[in-house]
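In our numbering, the protein residues as written are 195 to 381.
Beta carbons are placed, not taken as given, at the ideal position from N, Cα and C, and that holds for glycine.
Just so you know, these numbers come straight off a predicted model, no measurement behind them.
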């Protein structure tokens, strides 16, 4: 794998991995299911409990259906039986790395989006919530007891803070943020 530019880090044991591994960007984990002292599945579940989200490829010479199901439910992207073809493993690692680069980029964008939404005032958030529900400006004004001009000003302010130029963009990023938040809370 190093011949195609993939940086590899190896560890002597699960304990060594836990002591030295620092998740600092996109990557891919390749674990043997059976390791001394612990299983690769248990090790990965411990990482998930710590909030580490990285694709994992499990290798095993002793595959069975319950083990594969548990691995996939834990988030495995691949389950490879030994002996395996080196090119096949390389292809799977490269695919997992591409997916993790994309996931990492989306996380960065989501954090930026959260930061932008955090700059909204409570009054702008009220207007945003009603805009998301499809309520027209005049009805928003009536509902909030303010003028239509005040609604327009708040809407313009929140759109500027969020970096959008149209209602469609506003609704798109609002939906993305909502879905992203649900995914984070559901993990």
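In this structure, residue 370 and residue 307 form a Cβ contact; the two beta carbons are roughly 7 Å apart against a cut-off of 8 Å. Counted as a single uninterrupted DSSP element, the alpha helix (DSSP H) harbouring residue 306 occupies residues 280-312. Rounded to whole angstroms, the Cβ separation of residue 254 and residue 227 is 4 Å, and the two are in contact under 8 Å.
About 4 Å separates the Cβ atoms of residue 220 and residue 294, confirming a contact at the 8 Å cut-off.
Look at residue 275 here: in three-state DSSP terms it is strand.
In this structure, the CA atom of residue 304 is about 39 Å from the CA atom of residue 230. In the structure shown, the three-state DSSP call for residue 228 is strand. A residue is called buried when at least 16 other Cβ atoms come within 10 angstroms of its Cβ; residue 260 does not meet this threshold and is exposed. As computed with DSSP, residue 233 is found in a beta bridge with 228. The shortest C-alpha to C-alpha distance from residue 199 to any of 287, 311 and 357 is the one to 287. Taking every protein chain shown into account, the CB of residue 300 has fewer than 16 other CB atoms within 10 angstroms, so this residue is exposed.
In this structure, residue 274 sits near residue 252, with a CB-CB distance shorter than 9 Å. Runs of alpha helix (DSSP H) with 4 or more residues, each lying fully within the segment 322-350, are found at 331-338, listed in chain order. For the pair residue 247 and residue 269, the CB atoms are nearer than the 9 Å cut-off.
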